[in-house]
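*Asks:*
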Amino acid sequence: MAHFSPGPNDSPVTFDAIIVGAGFAGLYMLHRLRGLGLSARVIEAGDGVGGTWYWNRYPGARCDIESLEYQYGFDDDLAREWDWTERYATQPEILRYANHVADRFNLRPDIQFETRVIGAAFDEQAHRWVVETDRGDRFVARFCIMATGCLSVSRVPGYAGLESFEGDRYHTGAWPHEGVDFSGKRVAVIGTGSSAIQSIPIIAAQAKQLVVFQRTPNFSIPAMNGPIDPELAARLKENYTEHRRVARTTAGGVAGQAPDKSALEVSDEERRRRYEERWQRGGLTIGGTFTDIAINPAANETAAEFVRSKIREIVKNPETAELLCPKGYPFATKRLCVDTNYFETFNRDNVQLVDIRDAPIEEITPTGLRTAKAAYEFDVIVFATGFDAMTGALLKMDIRGRNGLSLRSKWEHGPRTYLGLQVAGFPNLFTITGPGSPSVLSNMIVSIEQHVDWIAGCLEFMQQRQMETIEATTDAEDAWVEHVNAVAEHTLYPLANSWYIGANIPGKPRVFMPYVGGVGVYGRKCEEVAANGYEGFRLEARVLA
Ligand SMILES: Cc1cc2nc3c(=O)[nH]c(=O)nc-3n(C[C@H](O)[C@H](O)[C@H](O)COP(=O)(O)OP(=O)(O)OC[C@H]3O[C@@H](n4cnc5c(N)ncnc54)[C@H](O)[C@@H]3O)c2cc1C
26 MAHFSPGPND
36 SPVTFDAIIV
46 GAGFAGLYML
56 HRLRGLGLSA
66 RVIEAGDGVG
76 GTWYWNRYPG
86 ARCDIESLEY
96 QYGFDDDLAR
106 EWDWTERYAT
116 QPEILRYANH
126 VADRFNLRPD
136 IQFETRVIGA
146 AFDEQAHRWV
156 VETDRGDRFV
166 ARFCIMATGC
176 LSVSRVPGYA
186 GLESFEGDRY
196 HTGAWPHEGV
206 DFSGKRVAVI
216 GTGSSAIQSI
226 PIIAAQAKQL
236 VVFQRTPNFS
246 IPAMNGPIDP
256 ELAARLKENY
266 TEHRRVARTT
276 AGGVAGQAPD
286 KSALEVSDEE
296 RRRRYEERWQ
306 RGGLTIGGTF
316 TDIAINPAAN
326 ETAAEFVRSK
336 IREIVKNPET
346 AELLCPKGYP
356 FATKRLCVDT
366 NYFETFNRDN
376 VQLVDIRDAP
386 IEEITPTGLR
396 TAKAAYEFDV
406 IVFATGFDAM
416 TGALLKMDIR
426 GRNGLSLRSK
436 WEHGPRTYLG
446 LQVAGFPNLF
456 TITGPGSPSV
466 LSNMIVSIEQ
476 HVDWIAGCLE
486 FMQQRQMETI
496 EATTDAEDAW
506 VEHVNAVAEH
516 TLYPLANSWY
526 IGANIPGKPR
536 VFMPYVGGVG
546 VYGRKCEEVA
556 ANGYEGFRLE
566 ARVLA
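Residues in the sequence shown are numbered from 26 upward in steps of one, following my numbering.
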């Protein structure tokens, strides 16, 4: 797309803000902008709201942060009137919730569906963003807010012969709305990340035969899912906003007991007891059993070995068990998974595990696929191969700031932001849960709300003071990027070839993208910046004609 500015005959449609994406971030952003009296339009590629929960309809898809935490916290009435049925809600239930929110706050009239933003360019004379869509729309807006999601661009590896496959193929992140019936089918699942781990037990129960192709085994913890505890739900509903306020002060955005001991200062017996207790409770909290799991290799290894011992207990075939045991990278430095009967599934007679590190997939064939060691025949191939995380959706668009500078060239060596909220050279453009913020390392609804609230506060400040533009300074951006890297280097995270570091995308710069400092620390920093008159940002006043 060329660097354009609205011409006299274009009659573009004008708004105070264009919001790209109608997931949880876009929906709440729209609600807040309306509250400020600003006009906004949301542009969404899908034909409904919900983002992640609209696209990821694969069998077994559900949240892995408990539902009572994975919900909006900005409105006590909303929290009071919505009842979750399970500790970890299914995708259909979460999608119903997103639709309920859209209806309850009457958001749909300001959302344009089935429209993809292909580019956005900053017009330096008019101080406006010109946003272009695949339907030929041109919108002009003072602010452009990217609520495009961190995990919204699915990725299929470029296998030779991919198009030749004569059976059905699906990506978990773009699942058909009508569902897929695997009965009597020979099925391949490629990948063993979170989506694979959730879907494999359900596909295995239906399919005639399932072969799982694994490159890197993942640490997974049982969800211990079940019905919602009605007493806990009632207690939280009494004052959900206060519950959320506390969650925002924690590292991960979930209120709970913070660890108080190093894994290395307790006896072997005590350590095992504590891990066992968290394992039985289920879910992600096992990562917070001790203070030093994320920073000390020896402490981390105790958690890793505990999970491996569980895998060896569950999986009957010792060779398969060993293949499923994650090794060579520290515990929880790749996205920790939460499952229901994942490891147990490998005890089924119709399920086989293939190690593609030992025998890489060489090509997809018309009837299946071929690895370096064997050929397989399938009716269906499921790609559970993840996403171009954090930067994928932003870089798919042609975003141009001052002097026609493209975001793609600015981020050629990895993303650079100030607080994950703005990019120097791109005035009045905001990113929600962008790289450089806690984002995917946290309960994302908490991080989304924190970003949306901050952006809304910033726009209100600008309104009150007749400010025209806000832009991160290069100095502030450089200092923040340096800080984000320094904090990550202090942990074990960079040791894993994870999507946090872009390792799943060939050629993607290896930069640790999210901010590891924690939701609480980060939130305080954002508040300080605002309280100091938006320190690190350059604000320019409106020039009155
Ligand atoms: C399977 C799965 C399970 C998850 N489980 C959890 C969990 O348990 N807890 C947790 O905290 N997080 C979880 N996440 C992360 C999840 O993405 C966030 O929690 C949250 O839903 C993100 O909301 P969002 O609005 O920021 O982005 P999204 O929900 O990704 O929405 C972004 C929207 O933007 C649209 N879009 C993107 N680019 C364009 C464009 N150019 N033009 C128009 N529209 C565009 C997309 O179509 C999409 O609808 C999960 C993610 C996945 C994939």
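Ideal Cβ placement from N, Cα and C applies to all residues, glycine included.
Under the assumption that residue 216 contacts residue 411 (Cβ atoms under 8 Å), give the Cβ distance between them as a whole number of angstroms.
*Replies:* Looking up residue 216 in the sequence shown gives position 191. Looking up residue 411 in the sequence shown gives position 386. That belief holds up - the Cβ atoms of residue 216 and residue 411 are roughly 7 Å apart, short of 8 Å.
*Asks:* If we require 4 or more residues per run, which alpha helix (DSSP H) segments fall completely within the region 57-130?
*Replies:* Under the rule that a run must span 4 or more residues, the alpha helix (DSSP H) segments found entirely inside the region 57-130 read 77-80, 101-106, 116-129.
*Asks:* Measure the alpha-carbon distance for residue 170 versus residue 298 and round it to whole angstroms.
*Replies:* Position 145 of the sequence shown, counting from 1, holds the residue named residue 170. Position 273 of the sequence shown, counting from 1, holds the residue named residue 298. Here the alpha carbons of residue 298 and residue 170 stand approximately 47 Å from one another.
*Asks:* Roughly how many whole angstroms lie between the Cα atoms of residue 497 and residue 375?
*Replies:* To locate residue 497, count along the sequence shown from 1; it is residue 472. To locate residue 375, count along the sequence shown from 1; it is residue 350. If you take the alpha carbons of residue 497 and residue 375, they lie about 56 Å apart.
*Asks:* Please give the ranges of any beta strand (DSSP E) in the region 370-448, keeping only runs that are unbroken, at least 3 residues long and fully inside the region.
*Replies:* 376-380, 386-390, 393-396, 400-402, 405-408, 423-425
*Asks:* Any heavy atom of ligand 1 closer than 6 Å to the beta-carbon of residue 177?
*Replies:* Within the sequence shown, the letter at position 152 stands for residue 177. Yes, since a heavy atom of ligand 1 falls inside the 6 Å radius drawn around the Cβ of residue 177.
*Asks:* Mind the definition here: the region 258-269 touches the region 234-248 only if three or more C-beta pairs lie below 8 Å; say whether that holds.
*Replies:* no
*Asks:* By Cβ distance, which residues of its chain are closer than 7 Å to residue 26, with the 5 residues on each side in sequence left out?
*Replies:* The residue given as residue 26 occupies position 1 in the sequence shown. In this prediction, residue 26 scores a pLDDT of 33, lower than 50, which makes its location untrustworthy; no coordinate-derived value is stated.
*Asks:* Counting only runs that start and end within the region 178-228, where is the beta strand (DSSP E) found for 3 or more residues in a row?
*Replies:* 193-196, 211-215
*Asks:* I'd like to know whether the C-beta atoms of residue 602 and residue 462 end up nearer to each other than 7 Å.
*Replies:* Given that the chain is displayed from residue 26 to residue 570, the structure contains no residue 602 and the question cannot be resolved.
*Asks:* Can you check whether the CB of residue 236 is closer than 7 Å to the CB of residue 443?
*Replies:* Taking the first residue of the sequence shown as position 1, residue 443 is located at position 418. Taking the first residue of the sequence shown as position 1, residue 236 is located at position 211. In this structure, residue 236 does not lie closer than 7 Å to residue 443 by Cβ.
*Asks:* In terms of alpha-carbon separation, which member of 505, 377, 358 lies closest to residue 367?
*Replies:* On the sequence shown, position 342 is the one that residue 367 refers to. Checked all of 505, 377, 358; the closest Cα to residue 367 is 377.
*Asks:* Check this for me: beta carbons of residue 371 and residue 407, under 7 Å apart or not?
*Replies:* Taking the first residue of the sequence shown as 1, we reach residue 371 at position 346. Taking the first residue of the sequence shown as 1, we reach residue 407 at position 382. No.
*Asks:* Which residues in the same chain as residue 331 place their Cβ atom closer than 6 Å to its Cβ, once the five residues preceding and following it in sequence are excluded?
*Replies:* Position 306 of the sequence shown, counted from the first residue, corresponds to residue 331. So the list reads 300, once near-sequence residues are dropped.
*Asks:* So, under 8 Å CB-CB, residue 67 and residue 50 are touching, yes? Tell me the CB distance rounded to an integer number of Å.
*Replies:* The residue given as residue 67 occupies position 42 in the sequence shown. The residue given as residue 50 occupies position 25 in the sequence shown. 10 Å between Cβ atoms; not a contact.
*Asks:* From the DSSP output, in three-state form, read off residue 551 for me.
*Replies:* Taking the first residue of the sequence shown as position 1, residue 551 is located at position 526. Note: residue 551 maps to helix in three-state DSSP.
*Asks:* Below 8 Å CB to CB, which residues in the same chain sit around residue 559 once its five sequence neighbours on both sides are set aside?
*Replies:* If you number the sequence shown from 1, residue 559 lands on position 534. Here the set comprises 483, 486, 495.
*Asks:* Following a CB-centred definition, is residue 173 positioned closer than 6 Å to any heavy atom of ligand 1?
*Replies:* Here residue 173 refers to the residue found at position 148 when the sequence shown is read from its first residue. Residue 173 Cβ: within cutoff of ligand 1.
*Asks:* How is residue 153 classed by DSSP in three states: helix, strand or coil?
*Replies:* Start at 1 with the first residue of the sequence shown, and residue 153 comes out as number 128. DSSP places residue 153 in strand when its eight states are reduced to three.
*Asks:* Along the chain, which unbroken stretches of the beta strand (DSSP E) at least 3 residues long are found entirely within the region 229-279?
*Replies:* Complete beta strand (DSSP E) runs here, min 3: 234-239, 245-247.
*Asks:* Taking residue 55 as the reference, give the member of 126, 253, 37, 86 with the closest Cα.
*Replies:* Position 30 of the sequence shown, counted from the start, is the residue given in the question as residue 55. Minimum Cα distance to residue 55 is reached at 126.
*Asks:* Span of the alpha helix (DSSP H) holding residue 496?
*Replies:* Along the sequence shown, read from residue 1 onward, the residue named residue 496 stands at position 471. Per DSSP, residue 496 belongs to no alpha helix (DSSP H); it is in the beta strand (DSSP E), 492-497.
*Asks:* In chain order, which alpha helix (DSSP H) runs of at least 4 residues are fully inside the region 476-527?
*Replies:* 499-514
*Asks:* Could you say if the region 274-293 and the region 249-260 meet the contact criterion of at least three C-beta pairs nearer than 8 Å?
*Replies:* no
*Asks:* List, from N- to C-terminal side, the alpha helix (DSSP H) runs of 4 residues or more that fit wholly inside the region 296-350.
*Replies:* 322-339, 343-349
*Asks:* Could you pull the DSSP bridge partners for residue 40 from this structure?
*Replies:* Looking up residue 40 in the sequence shown gives position 15. Residue 40 pairs with 166.
*Asks:* If the criterion is Cβ atoms closer than 7 Å, does the pair residue 138 and residue 72 meet it?
*Replies:* Within the sequence shown, numbered from 1, the residue matching residue 138 stands at position 113. Within the sequence shown, numbered from 1, the residue matching residue 72 stands at position 47. Yes, these two residues count as a Cβ contact at 7 Å.
*Asks:* Please classify residue 360: does DSSP put it in a helix, a strand, or coil?
*Replies:* Here residue 360 corresponds to residue number 335 of the sequence shown, with the count starting at 1. In the structure shown, residue 360 sits in coil (DSSP, three-state: anything other than H, G, I, E or B).
*Asks:* Would you say the region 507-527 touches the region 304-322, given that touching needs at least three Cβ pairs under 8 Å?
*Replies:* yes
*Asks:* According to DSSP, simplified to helix, strand and coil, what is residue 566?
*Replies:* Within the sequence shown, residue 566 is the residue found at index 541, counting from 1. Three-state result, residue 566: strand.
*Asks:* When DSSP builds the beta bridges, which residues end up paired with residue 458?
*Replies:* The residue given as residue 458 occupies position 433 in the sequence shown. The partner list for residue 458 (beta bridge, DSSP) is empty, contrary to what the question assumes.
*Asks:* Does the distance between the C-beta of residue 468 and the nearest non-hydrogen atom of ligand 1 fall short of 6 Å?
*Replies:* One-based indexing of the sequence shown puts residue 468 at position 443. Yes, ligand 1 has a heavy atom inside 6 Å of this Cβ.
*Asks:* How close, in whole Å, do the beta carbons of residue 234 and residue 212 come, if the pair is a contact with beta carbons under 8 Å?
*Replies:* For the purposes of this step, residue 234 is taken as residue 209 along the sequence shown, with counting starting at 1. For the purposes of this step, residue 212 is taken as residue 187 along the sequence shown, with counting starting at 1. Correct: roughly 7 Å between the Cβ atoms.
*Asks:* Go ahead and label residue 243 buried or exposed: buried means 16 or more other beta carbons lie within 10 angstroms of its beta carbon, across all protein chains shown.
*Replies:* Locating residue 243 in the sequence shown gives position 218, counting from the first residue. Buried, because 16 or more other Cβ atoms sit within 10 Å of the Cβ of residue 243.
*Asks:* Alpha carbon to alpha carbon, how far is residue 80 from residue 177? Give it in angstroms, no decimals.
*Replies:* Residue numbering aside, residue 177 sits at position 152 when the sequence shown is read from its first letter. Residue numbering aside, residue 80 sits at position 55 when the sequence shown is read from its first letter. So the alpha carbons of these two residues sit roughly 8 Å apart.
*Asks:* Would you say residue 48 touches ligand 1, meaning its beta carbon is less than 6 Å from a heavy atom?
*Replies:* For the purposes of this step, residue 48 is identified with residue 23 of the sequence shown, where counting begins at 1. Under cutoff, so the answer is yes.
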